[in-house]
Structure formats: C-alpha cells, structure tokens
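J.: Structure incoming, see below.
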Amino acid sequence: MSCLKIAYLVRQKNHPELLTSCHKFLMEHIVLKYHKWVLLFFLSITGLLAIQLPSLQKNPSSNLLPETHKSRIQFNEMRKTYTGTKVAVLVLLETDHSVFTTATLERIQKLTNAFQQIQLPLEQDQQKLRDLAQTLPETARKKIMDLLEWGLDQDSWEVFADVVDLLDAAGYPSDSVKKVFDRIKRRITPISGVSSLANTKNILGTENSLDVNPIYQEVPQSAEALELLRQQVMGNDLFVNGLITPDEKFTLMSIALNLGDEDNESQSELCALIQKILDHDVPGPEKYYMEGLPVVATTISQTIDTDMKFLFPIVLTLVLGCLWFSFRLINGVLVPVLVTLLSLVCTLGLQALLGIPVNVISTGLPVFILSIGVADGIHMYNEYRDHLLMGKSKENALRHTIRELTMPVIMTSVTTGAAFLSLSLTEITQIRDFGWFVCVGTMIAMVFSLYFIPAMLMVLPEPTIKGRGEASSFDRWITQALEYLSGWVIRHARTVVALTLVVCALAGYGATLVIVDSNSVREFNPDSPLVIAINKTNNEAMGGHALNLLVETTDPDPDPMKKPENLQVIAELEKFVIQQPLVGKALSLSDLIQRINYVMHNQNPDYNRIPFVQEPVGDGSSVSVGDSSTGVVSGRELIAQYLLLYQNGGGEALSNTIDPAYRTVNISLMVRTPSSHQLSLLLDTIDDYARTHFPPHMKLHFNGLSFLNIAGTREIVDSQNSNFLLSLLMTFGLLWGIFRSVQKGLFAIMPLLVTSLCVFGIMGFLSVPLNIGTAVLTSIVIGIGVDYSIHFMNRLLEGLNQGLPFEDALTATVKQSGKAILFNAITVGVGFIALLFSSFNVIVTMGWMITITMLVSAMCTIILIPAGMQLFQPRFIQSAHRD
C-alpha cells in the first residue's frame, strides 16, 4: 500500500508529502524492522571517517584573503619590484640604559650572524624527495638520488633546475614537482636577510665620494669609540626610530624570510630556532620581544591545538548537564549526545579526508556541531518521551514521533544548513571553510537524527518514567509558565508589538555604532608573549606593521623620479605622514637623497634637503657635476650623481625605494597599530592629503601587509552584507515553500529579523567590532533561530488545521514545541558558553554573544509570532476559525 501511495504522489508531484511518505516507508520497513543493521551501518561509516582524524591539518595563517584575491595579487606584484617587502620576524632588544655598550653591541653582532646562518631541518624533505623520485622517469630519478647522496645544500637548486628541464623535455607534467622543489629551496635558505645595527650600512661623506659601509664591523672597546659610534648612529635620521629608539634603550632587528607566506609549518620551525638562539645560543641580559606575521601564525597554531583539546570536553560537560536537567533520564542524555558525537566525528573526518585544514574560526567547529546537532535530538526525544507519558508503547511512540517530526527536522536542518552555506560565498578563507563544514555537519546530524535515533531507541530499554501518564513537576512548572506567558502575550499583543518596535529602534541606533576591525592584539589574551611584544614595539619603537605608499608619476620625461620637484612632493608627503601619531617611521628615495646631500656638504644642516632645481655651486659640496662655470648646476644632474656614488659605494637600499624605470617611489612605513580600523582612518587621512597636494601627474596607491589587513576587513563588510541578505532570502524562500504561504513565511521569519537587529545593536552598544568571528553571528542567528520558528509555526498550524481556536492551538503549541524550544535554547546557549574558555578572544566574544542571541531568538519566537498573529489576524487564522 505504501508503494502505491508513493507512486501516486510522484504522479501528483506532491513533493512534501512524497518526502514524508518515503521516509515513513523507509522507517517502518527498514529502520524499525532492521534497527540493529541500521546501527551497524551508521557506526561503520563513522569508524571509516574516524580513521581520517589523525591527518586533520591546521591553517594558522592570519591572512584573511586567498592568493587569488586582487589585493594579494597586487601585493605579490609589488614584491617582485621592491626587495624589502618580504615577511619578517621582528626582534626588539631592550637594555636597562643604552644599547651603546660593548657587551650589547657584541650580542647584536653575534645574533645577526646566527640568524643569517639558520637552516631548517631537512630530514622530512629528504624523504619527500625520495618518494617523489620514485614517481619520475629514470634520468630525473637518478639525479635526485645522487643529490640526496651528496646532501642538500644551497647549490641544490641547480640540480632541481636540471630535473625540471628533463621533465619538460620529456613532456612530463612538472608543476607539482616545481612546488616541492621550491619549498625545499626555501627551507635550505630560509633567511633572505637580517637588518640590525651590526650590518646596516651608514652613509658618510668623503672627498668626492661616499663611504657606504656597515655601522660597525668591529665592536668598539673604548669609551671614546663607543661615543663616536653613538654620535654617528643617533645623528642619522635614517636610523633613529628605525634601528634604534631616541632614548637609546631599544634596538630593532628584522629577519626577512624566504619562506612561502602559507608555509606555516616552516615558519613555526624558524620561530622556534630564533627563540633558541636568543635563549640559549647567544644569551644576554637584554630582554627580547618577538613579533611579525610568522610569530602570529605560530601563536595561532599553538592556540588551535590548545583549544581543540580543551574546548570539547567543556562543551560536552555543559550539554550533558543541561540534558540531564531537562529530561532527568539516562536515555534523554545519551540519545542526543551520542548522535552529535557521531555527527562531529563524521564531519571532522570528512574535513580531514578532503584536506581542508582547521583555522581560527573552525577551531570552534566541535562546539558548533555539538550545540547545533543536539537540537534535533532534543526535539525528537522530547516528543518520544511525551508520547510515552501519554501511555503509548515504545514502538507506537516512535511511530508518532517520526510522523510528527520528520518534516520539521528536515525543514530546520535544510534552513540551518542553507544559512551557514551562505558563508561559503565569501573570499575570506576562514569564514568560507567554517560555513561549509557547519552546513555539512548539520546535514549529517539530520540524517543521524532521522534514522539513527529511532534505531537506537528500539535497542535501548524503554525508560522508566515516574508517574507514567503525567508530566514531572518540573515539566508542569515550565508548561504553566509558558501558558501564562502566551496568554499574557495574546491579551497585550498591541503592547508587545509596540515594545518590539522600540527595541528595534534602539538596536538600529546601536547598529550604526558598529565598527569593522581586525586586530591581532585583540585576538589573544593580554598576557600572551605575542601581545606583549606587539604592544612593546608599538609603544616604545617604530611599530611592527608594514604599510607601503606607492607614488606613481605619468611625467613623460625619462627617469622622472630623479627630478627634484617630484622628489620634493615625496618629501612633503613623508613630512605630513610622519606627523601622524600612528606612524613610527617612513623611508623612501627622498630620504636617501637628503642624507647624501647632507653628508656631501660636510653635514651642513642647511643641506639636509632635496637639491634645488638649480643648485648653487662653490658651497662646500665635495662633488663636482657637469659644467659649473655658470655658478649653478642642475638639481637633476646632482641627484643622478648622488645615486651613482651611492650604488658604486655599495648602497643596497635603492631596490626597495624605486622601480627600475624611476617612475614609482615606494615609501615604506612602519605603523604602531595592527588595528585595521585605525589603519583605514590613517589611509583616508593620507589619501585626502594626496588628492589636495599632489600635482596632476602623480598618483598615490596603497599596498603592503597592513593594507592586506584593511582589504580583508573590507571583504568582511561586503561578505557580511551579501551573506545576511542571501541568508534571509534563502530562508524566506524555504519558509515560503515549506508553509506554502507568503504570510506564514513572513510571520516565521519575523523573530529572525528582530534577533539579527538586536545582535548588531548589542555589538554597537558594547563596542564589539565586526571581524571574522562576529561576521558569522547573523548566519548563526538565522541558521539556528529558524529551527525555533519552523517547529513553533508547524505545531501551531497543525492545531489550527485540526479546527482548534487560535488560543487553544497556541496553548497546545507552547506545551509541546514551546517547551522543546526553550530547552533547546538553554542547552545550545549553555553549550556555546564553552567558547568563553578559548584562548582566542574572537572566539570568546562569539561564545557569549551566541548564548545571548539564542535566548533572545527563542523568546522572540514564543512571544512575537503569537503577538503578531493576534494583532494582525492573518487570513490563515481567519479561515481556520471559519472552518
């Protein structure tokens, strides 16, 4: 008979009833009948995926944007032109009184040499090469095996190049081989360069030439030599607030890396080696502080490990406690938790199988899966228990549970999954991966709830319920409270709606106060060594966050940035920029020219400037340019001569300040904040200056690591807006399809809109920024909150369709779904409290905000839907009354 009904529904295209009938057929003829085999099937799938868990990887990168993003592409293009734009580890040394002591200068020199000689361990790379060689043609394999016999060193790149040539000649695909070779080459020489007081070149003037040599090659021993060195360093504007602070107590060392931006494993190994050198190989009384993106990635990696091990037991304990408090039955605890645990294992196993690593946001994935997945289990067990209380047998109670909750479970899971799936459309990797796997986990939990729970309940002994046929005192108290609340809402519907509008107005104002900010300092605990280092570098030194201002000219003259008038524009921009409180240091071609002009005129302060367009001669200059019989020389010729002297003297800074065509100057800034919000305001200020002071042929562009942070937060705003709208549209479309009515869909989505607005209001009033953590809140509100609306509306409409008056249908609804919604909101909210124990502040903020919004969402559902229906009397209520 069931098969005939299914065939009839297929012809009628009655999809909702068809789905219910197929599920009922499957449950009655397979799941309930062969429940042991069903359990074995699900446990086997879980076991197979559990095997993959050890291969689950981490992605501790702080980069918000993928390499394919426009801003990352522009950043990588800039790196090809300017040499000083590589990722670096910054080491700030702090002395008690002054850096200029023999002991401190000796330590700086030893540290510089030790950092330059760092090599990463290559045992695993050698094994990778052996494995790779076995897959290659004979000639290429032999070259690699010979190389391994000789040993990997800095010249190994020649063999790698030969192997690639052999593969290309043989038509063998070599892209994957090149990636392996490139990573190994970078690990062999992980350090691109070290900049410190011990090796940075000073620019001094001599007769008709420049002296460009390291600040010191031999450490001064006498007090006189130390004082002379101090005067040379502190008298050079290029060094002060860069290599050394004005109070002489701090000096900064920069270790530029050859490693790939996403090679977080190698970066962590390197940071450990740097710390070992500082602690053990070259110890000293000076304190040190380490920061930079590799240190951030290393800290994130360590914190992910801690959170993954620490958070799960906490949330499990909290959820177990809530379930026991709600049901007071072993089965009531066991069933929902076991389903979510198995769903979590399957989700993480699938993530490992697909090679998708865990990131900062998906660290909380176990908490999300456990808290969200338990919802369906609570509803199903609550329904099953209530039917047992009515005196039904175990199998009949299960049949009624299946019949009444199949569609609500499917609808809530699909809408929840759709809301989180919308997050996957962003370009922010952390949010995209999180959205995908919460959606996947929700769907897995749905399947387990629909099929595994009934099969498991068939195996478990029927629970012994005190006072069978009547509810417990706790249940009665909750039911009475909800009945009283619903009655009050109906009697004061107009007041409820008016108060809701007032709350929405206040929340709307609070939403206008929300700022967008990504700030690495705020992501970790204040006592974290990384946060202490960042604050120390920002407060005492020039800051550790790189920003590049690229000034481009369309001047048709050759080498236009050698013209004094163009360099003067750069100098004036720098003068303005360095006055901004957040800017610690600025360096560009104009600074080099001013320094050379200064030292070539016997350090006369009048010449610490860009040469004039027409420069007088006979003024003490130690350089002769062209024909000076007229008493003046061309400033452009003088600048060209200065640059030639600088290059001949061994100067190396030009490659980081100007492109080969002398058309684009790179102004390297170090800023004293990692806050993308503060940086964005700084960029606006600089951009306003450029638009009002630049000549028409010059344009300003922003780039650099800090600009990537700004671009990432802008992407958060764009994705937040699009994800929120898409989630609402998808959810409303699903609600419309579920209830087959626009009116019903609007009533169901109303609590979600109010709750979402309250989320932004809370963020604004409590100064919680919009970042990669809080950007997912609205999707969480919609994804989880829609469950409440569907269960509530479905039960209410069921009562109306049975001919009950609205008040009676509402009373029946709050007794069943209202109670389950409240239990679910409390359990889910308490589950997310586990996030408060995270070491990531962004996760902590998510935890308490989700807890609040879940309770708000549940109460909005129980209160606003009845109040709105009572006040506006929609057609479906009126038609039910007429019927």
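Note that the working numbering has the sequence shown beginning at 20, numbered continuously upward. Ideal Cβ placement from N, Cα and C applies to all residues, glycine included.
1. The beta strand (DSSP E) that contains residue 307, what's its start and end?
2. Taking only the alpha-carbon atoms, compute the straight-line gap between residue 901 and residue 730 and give it to the nearest angstrom.
3. Measure the alpha-carbon distance for residue 156 versus residue 169 and round it to whole angstroms.
4. Using only CA atoms, which one of 74, 114 and 205 lies nearest to residue 6?
5. Using the three-state DSSP reduction, which class does residue 889 fall into: helix, strand or coil?
6. Below 8 Å on the Cβ atoms is my guess for residue 766 versus residue 888; work out the distance and round it to an integer in Å.
7. Are residue 540 and residue 550 close, meaning C-beta to C-beta below 7 Å?
8. Do you know how far the Cα of residue 129 is from the Cα of residue 734?
9. Just to confirm my understanding: we take residue 58, look at its own chain, exclude 5 residues before and 5 after, and list those with CB closer than 8 Å. What are they?
10. Tell me which residue opens and which closes the alpha helix (DSSP H) that residue 194 is part of.
11. Which class does residue 746 belong to by DSSP, given the choice of helix, strand or coil?
12. Below 8 Å, how does it come out for the stretch 791 to 809 and the stretch 444 to 458: are there three or more Cβ pairs, yes or no?
13. Going by beta carbon distance, what residues of the same chain come within less than 8 Å of residue 84, once the five residues before and after it are set aside?
14. Count the other C-beta atoms from every protein chain shown that fall within 10 angstroms of the C-beta of residue 86, then say buried if there are 16 or more, exposed otherwise.
15. Is the CB-CB distance between residue 440 and residue 458 below 7 Å?
16. I'd like to check one pair, residue 133 with residue 301: are the Cβ atoms closer than 7 Å?
17. Sort 870, 835 and 874 by Cα distance to residue 406 and report the nearest one.
18. Which value, in whole angstroms, describes the spacing of the CA atoms of residue 392 and residue 608?
19. Output the distance between the C-alpha atoms of residue 413 and residue 873, rounded to the nearest integer angstrom.
20. What's the gap between the Cα of residue 675 and the Cα of residue 561?
21. Counting C-beta neighbours from all protein chains within 10 Å, is the total for residue 704 16 or more, i.e. buried, or is it exposed?
22. Which class does residue 574 belong to by DSSP, given the choice of helix, strand or coil?
23. Taking the CB atoms as reference points, tell me whether residue 771 and residue 801 lie closer together than 7 Å.
24. Alpha carbon to alpha carbon, how far is residue 299 from residue 145? Give it in angstroms, no decimals.
25. Going by CA-CA distance only, name the one from 701, 585, 510 and 656 that's closest to residue 915.
26. Does the beta-carbon distance from residue 854 to residue 862 come in below 7 Å?
27. Is there contact between the stretch 167 to 186 and the stretch 254 to 263, where contact requires at least three CB pairs shorter than 8 Å?
28. Between which two residues does the beta strand (DSSP E) containing residue 75 stretch?
29. Helix, strand or coil for residue 488, going by three-state DSSP, please let me know.
30. On the CB-based measure, 16 or more other CB atoms within 10 Å of its CB, does residue 596 come out buried or exposed?
31. Taking residue 210 and residue 274 to be in contact with their CB atoms under 8 Å, please state how far apart those CB atoms are, rounded to whole angstroms.
32. Leaving out five residues before and five after residue 215 in sequence, what residues of the same chain have Cβ atoms less than 6 Å from its Cβ?
33. Count the other C-beta atoms from every protein chain shown that fall within 10 angstroms of the C-beta of residue 322, then say buried if there are 16 or more, exposed otherwise.
34. Measure the alpha-carbon distance for residue 847 versus residue 724 and round it to whole angstroms.
35. When we look at the beta-carbon of residue 164 and count the other beta-carbons within 10 Å, is it buried (16 or more) or exposed?
36. By how many angstroms is the C-alpha of residue 73 removed from the C-alpha of residue 371?
T.: According to the data block:
1. Under the DSSP assignment, residue 307 falls in the beta strand (DSSP E) whose first and last residues are 306 to 310.
2. For residue 901, the predicted structure reports a pLDDT of 49, less than 50, and the residue's modelled location is therefore unreliable. The matter cannot be settled from this model.
3. In this structure, the CA atom of residue 156 is about 20 Å from the CA atom of residue 169.
4. In the structure as shown, the chain begins at 20 and stops at 902. Residue 6 is therefore absent and cannot be evaluated.
5. In the displayed model, residue 889 falls within a helix according to three-state DSSP.
6. Yes, residue 766 and residue 888 are in contact; Cβ-Cβ is about 6 Å, under 8 Å.
7. For residue 540 and residue 550, yes; Cβs fall inside 7 Å.
8. If you take the alpha carbons of residue 734 and residue 129, they lie about 44 Å apart.
9. In the same chain as residue 58, and ignoring 5 residues on each side of it, the C-beta atoms closer than 8 Å to its own belong to 471, 474, 475 and 478, in chain order.
10. 194 to 207 is the extent of the alpha helix (DSSP H) around residue 194.
11. DSSP, reduced to helix, strand and coil, places residue 746 within a helical segment of the structure shown.
12. The answer is yes - the stretch 444 to 458 touches the stretch 791 to 809, with three or more Cβ pairs under 8 Å.
13. Excluding its 5 nearest sequence neighbours in each direction, residue 84 has C-beta neighbours in its own chain below 8 Å: 90, 91, 446, 447, 448, 727, 730, 731 and 734, listed in chain order.
14. Using a 10 angstroms sphere on the CB of residue 86, the tally of other CB atoms stays under 16, which defines it as exposed.
15. Yes; because the gap between Cβ atoms is below 7 Å, this pair is in contact.
16. When the beta-carbon positions are compared, residue 301 and residue 133 come within less than 7 Å of each other.
17. 835 is the residue among 870, 835 and 874 whose C-alpha sits nearest the C-alpha of residue 406.
18. Roughly 59 Å separates the two Cα atoms.
19. If you draw a straight line from the Cα of residue 413 to the Cα of residue 873, it is about 32 Å long.
20. Straight-line Cα distance between these residues: approximately 18 Å.
21. Looking at its Cβ environment, which holds fewer than 16 other Cβ atoms inside 10 Å, residue 704 is exposed.
22. In this structure, residue 574 counts as coil in the three-state DSSP scheme.
23. Pairing residue 771 with residue 801 gives a Cβ-Cβ distance under 7 Å.
24. Approximately 28 Å between the Cα atoms of the pair.
25. The question about residue 915 has no answer, for the chain in this structure spans 20 to 902.
26. Cβ atoms of residue 854 and residue 862: closer than 7 Å.
27. Contact between the stretch 167 to 186 and the stretch 254 to 263 is absent: fewer than 3 CB-CB pairs across the two stretches fall below 8 Å.
28. It is not in any beta strand (DSSP E) - residue 75 carries neither H nor E in the DSSP assignment.
29. Per-residue confidence for residue 488 stands at a pLDDT of 44, beneath the threshold of 50, marking its modelled position as unreliable; the derived number appears in the next sentence. DSSP places residue 488 outside both helix and strand once states are collapsed to three, so it counts as coil.
30. Classification of residue 596: buried, given that the 10 Å Cβ count is 16 or more.
31. Contact flag correct, Cβ pair sits at about 6 Å.
32. A distance below 6 Å between beta-carbons, with the five flanking residues on each side excluded, links residue 215 to the following residues of its chain, in chain order: 127, 131 and 272.
33. The residue is buried, with at least 16 neighbouring Cβ atoms inside 10 Å.
34. Approximately 38 Å between the Cα atoms of the pair.
35. The residue is exposed, with fewer than 16 neighbouring Cβ atoms inside 10 Å.
36. Between residue 371 and residue 73, the C-alpha separation is close to 8 Å.
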